[in-house]
Amino acid sequence: KLFLATAASSWDATNTPLKRFHLPTGESISCVLWNGLYFVTGTDIVRSLTFRFHAFGRPITNTKKFEEGIFSDLRNLKPGIDARLEEPKSDLLDMLYKNNCIRTQKKQKVFF
């Protein structure tokens, strides 16, 4: 929770465009500074929510359905208002893929 609230405010822009928070599960969530905007991916939103559910004693019984539900909700966020629609294999998606922030370089939204 603290990472999501403070990642952008404690940024060293000269260092790296990517800031990670390592979860106790071994996974990490990332915040990305790209062209002056801060982004988080749908995959990292799923990782964050999965961790929070487990932390509150609400284990997820059907991971696939849980992820599908989150991605369904994220589809309602509009490009230009809440998100940016990235074309396949864009420079941003390439960087996110190489840093294990997304699972595929297909056309997708990244969120402000």
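Heads up, the sequence shown is in the UniProt record's numbering, so the first residue is 1 and it goes up one at a time. Ideal Cβ positions, reconstructed from N, Cα and C, are used throughout, including at glycine.
query                                                                                                                              : result
Using the Cα positions of Ala-55 and Thr-63, report the straight-line distance between them to the nearest angstrom.               : 16 angstroms
State yes or no: is the C-beta of Lys-109 within less than 8 angstroms of the C-beta of Leu-93?                                    : no
Run through the DSSP bridge pairs and tell me what residue 132 is partnered with.                                                  : There is simply no residue 132 to check, as the chain begins at 1 and stops at 112 in what is shown.
Taking C-beta to C-beta, are Glu-27 and Arg-58 nearer than 8 angstroms?                                                            : no
Give the single residue among Ile-81, Ile-70, Asp-44 and Phe-71 whose Cα lies nearest to the Cα of Tyr-97.                         : Asp-44
Which residues mark the beginning and the end of the alpha helix (DSSP H) in which Ser-72 is found?                                : 63-74
Excluding sequence positions up to five away, which residues of its chain have a Cβ less than 6 angstroms from the Cβ of Trp-66?   : Note that residue 66 is Phe in the sequence shown, not Trp. Counting only Cβ-Cβ distances below 6 angstroms, and skipping sequence neighbours, we find Ile-60.
With a 10 Å radius around its C-beta and 16 neighbouring C-beta atoms as the bar for buried, classify Thr-50 as buried or exposed. : buried
Per DSSP, Cys-31 is paired with what?                                                                                              : Lys-19
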